[in-house]
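K.L.:
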Amino acid sequence: MKTNVIEYKKCIICTSNEPKIVYSWKKNYYNPDKYETCSWDARYNLAFNIVRCKKCKHMYTYPSIKKEFLSNVYPQDLINNNVKPSELKSDKKFLPIINIISKYKDSKNDLIVDIGTRYGTLPYMLRQMDNDSLGRKLYRKKWYYYQSAAHMHYFDRRSLENLLKKYGYKIILIQKPSFFRNIQLFFRQIFMKKRTVKFNNGKFHYLNERKKLRDIYTYIVVKE
Ligand SMILES: [Zn+2]
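The sequence shown begins at -12 in our numbering and counts up one residue at a time.
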């Protein structure tokens, strides 16, 4: 069963098949009796690597979970589906995104498509954790965004922009996190108490043991 859920994919940027291991995590890296591991290994008790393509330097999870099993990474029993869109409008996490979309919205075409998971708040815009960010450089293997099953690709500006170009997207806007804000956050986190969050099945959320800075770039792109 377990061997059937994974696959060994070529690099999506350059299609070469020369992955070099950068980080490795053994099976049960997060004890499944203590931690909810759905977004880590889809509860399949898998070992993962993060690799770097020798040719184009793109980093990705290796192996990856096959498409037909990806729903186990975000299982319905753990996701709160009672979130109301009207409430999200005033949520400080989503408000900046909604403001950007309102500014760039094409009045001739109001269709907005969200490609992603959870609530559906990333319309025709791409938010991407930056693999060249300050947080990644400081926290390395313990970087918040390294989540084997849930995050399959770790783009930096170069690899993401190559991919966008390859599929005919034009970049309208790039929003970068503030370097000085990140330095403030870094020092604040040293003294911050650990938050304990549990899922509704009583298991701990491993992400609370990880540190993060604002390591996300926001892109607005249009298909040319
Ligand atoms: Zn490559």
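From the three backbone atoms N, C-alpha and C, an ideal C-beta is built for every residue, glycine too.
Model, not experiment: these values are computed from the prediction.
1) Buried or exposed: I0, going by 16 or more other Cβ atoms within 10 Å of its Cβ?
2) Excluding the 5 residues preceding and the 5 following S120 in the sequence, name in chain order all residues of the same chain whose CB lies nearer than 6 Å to its CB.
3) Taking the continuous alpha helix (DSSP H) assigned at D151, which residues delimit it?
4) State the DSSP-derived secondary structure class of C25, mapped to helix, strand or coil.
5) If we count Cβ pairs, one from each stretch, closer than 8 Å, do we get three or more for the segment 31 to 49 versus the segment 1 to 8?
6) With a threshold of 7 Å, establish whether the CB of H140 neighbours any heavy atom of ligand 2.
7) For a test of the three-state rule: what should DSSP assign to P83, helix, strand or coil?
8) Strictly by DSSP, which residues pair up with R201?
9) Between the C-alpha atoms of P110 and S146, what's the straight-line distance to the nearest angstrom?
10) In whole angstroms, what is the alpha-carbon distance linking K53 and A136?
11) By DSSP's criteria, C40 is part of a beta bridge. Which residues make up the other side?
12) Could you check whether the Cβ of Y49 sits closer than 8 Å to any Cβ belonging to chain D?
13) Taking the alpha-carbon of N188 as reference, which of K13, D20, C(-2) has the nearest alpha-carbon?
14) In terms of DSSP beta bridges, what is V208 paired with?
15) May I ask you to list the residues that DSSP assigns as paired with H140?
16) Who are E(-6)'s beta bridge partners in DSSP?
17) Helix, strand or coil: which one does DSSP assign to F35?
18) Compute the Euclidean distance between the alpha carbons of S26 and K181, then round it to the nearest angstrom.
19) Quick one: what does DSSP say F186 is sitting in, helix, strand or coil?
20) Mind checking who S11 pairs with in its DSSP beta bridge?
21) Between the alpha carbons of Y22 and Y193, how many angstroms are there, rounded?
22) Compute every distance between the C-beta of I159 and the non-hydrogen atoms of ligand 1, then say whether any falls below 7 Å.
P.N.:
Walking through what the data contain:
1) buried
2) D202
3) At residue 151 the sequence reads Leu, which differs from the Asp that was named. Counting along the chain, the alpha helix (DSSP H) containing L151 begins and ends at 144 to 153.
4) helix
5) yes
6) Absence of ligand 2 from the depicted structure is noted, with ligand 1 being the only ligands included.
7) helix
8) For R201, which the question treats as bridged, DSSP gives no partner whatsoever.
9) Per-residue confidence for P110 stands at a pLDDT of 43, beneath the threshold of 50, marking its modelled position as unreliable; no derived number is given.
10) 10 Å
11) P6
12) Absent from the structure: chain D. Only one protein chain is present.
13) D20
14) I158
15) Y47
16) S51
17) strand
18) 20 Å
19) coil
20) N36
21) 6 Å
22) no
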